[in-house]
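>
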Amino acid sequence: DCTDGCGGSNGLCTGPNSCTCNIGYKGSSCGSYDCPLGCGDSNGRCTGPNSCTCNIGYTGASCESWAVLGVQVENISVPEPAVVGHTARLECKWSGQDWYSIRWYKDDENIFTIIPKTKVKEATDDVHGVTVDVDSSNEYVVFLKDVVAATAGEYKCEVMGGKPHFVTSVLTKTLTVA
Numbered sequence: 001d002c003t004d005g006c007g008g009s010n011g012l013c014t015g016p017n018s019c020t021c022n023i024g025y026k027g028s029s030c031g032s033y034d035c036p037l038g039c040g041d042s043n044g045r046c047t048g049p050n051s052c053t054c055n056i057g058y059t060g061a062s063c064e065s066w067a068v069l070g071v072q073v074e075n076i077s078v079p080e081p082a083v084v085g086h087t088a089r090l091e092c093k094w095s096g097q098d099w100y101s102i103r104w105y106k107d108d109e110n111i112f113t114i115i116p117k118t119k120v121k122e123a124t125d126d127v128h129g130v131t132v133d134v135d136s137s138n139e140y141v142v143f144l145k146d147v148v149a150a151t152a153g154e155y156k157c158e159v160m161g162g163k164p165h166f167v168t169s170v171l172t173k174t175l176t177v178a
């Protein structure tokens, strides 16, 4: 005899005030959802039988993985090697739709920035060995004019997602010069 009904169809009455809960439910009257994997502890909350709703920034069946929201840099390609006196083409392959900015760096110094919402498309002139062809460069490709030995270094493509999270994805690749 179960006076609380074992959560309606959530469980079975097995004796006086004793319920055996169906899979996905727990508690003395089977009235609470059960997510055995815990929804990543504090990364989400149990919102249904074996169903997690993840907090912003987390993904997966039990909210166990960090999610890259908005954008993801997938690959950077650079010439191997770049040739002195020529133009070097650096490509940043990324995915996503809601992006705020694209920035390129050489040895952690900003060399090129695009922020479409403010119509910013500019290069920095004070990085030794780097001359960006701003007119030819875009959100996927940067052209370095008149390559010199000092053009060699670590090049980083940084894509920042849009509101409200502004999550950033980055990859780095070494450019050599011959």
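In the working numbering, the protein residues as written are 1 to 178.
Here a beta-carbon is modelled for each residue, glycine too, at the ideal position from N, C-alpha and C.
#1: Alpha carbon to alpha carbon, what distance is there between Asn22 and Thr14?
#2: Looking at the structure shown, is Cys54 part of a helix, part of a strand, or coil, going by DSSP?
#3: Would you call Ala150 buried or exposed, if buried means 16 or more other Cβ atoms sit within 10 Å of its Cβ?
#4: Thinking just about the alpha-carbon of each residue, which of Val73, Asn75, Gly24 is nearest to the one in Cys236?
#5: Rounding to the nearest angstrom, what Cα-Cα distance links Ala178 and Gly85 in this structure?
#6: Going by C-alpha distance, which of Lys26, Tyr100, Asn138, Leu144 is nearest Gln72?
#7: Does the separation of the CB atoms of Arg103 and Thr118 fall below 8 Å?
#8: In terms of DSSP beta bridges, what is Tyr140 paired with?
Judging by the given coordinates:
#1: Near 12 Å, if we compare the C-alpha coordinates of Asn22 and Thr14.
#2: It is a strand residue.
#3: By the Cβ neighbour-count rule, Ala150 is exposed, with fewer than 16 other Cβ atoms within 10 Å of its own.
#4: Because the chain is modelled from 1 through 178, residue 236 falls outside the range shown and cannot be assessed.
#5: Looking at the two C-alpha atoms, the distance is approximately 10 Å.
#6: The shortest C-alpha separation from Gln72 is found at Tyr100.
#7: No, Cβ-Cβ distance for Arg103 and Thr118 is not below 8 Å.
#8: As DSSP reads the structure, Tyr140 sits in no beta bridge.
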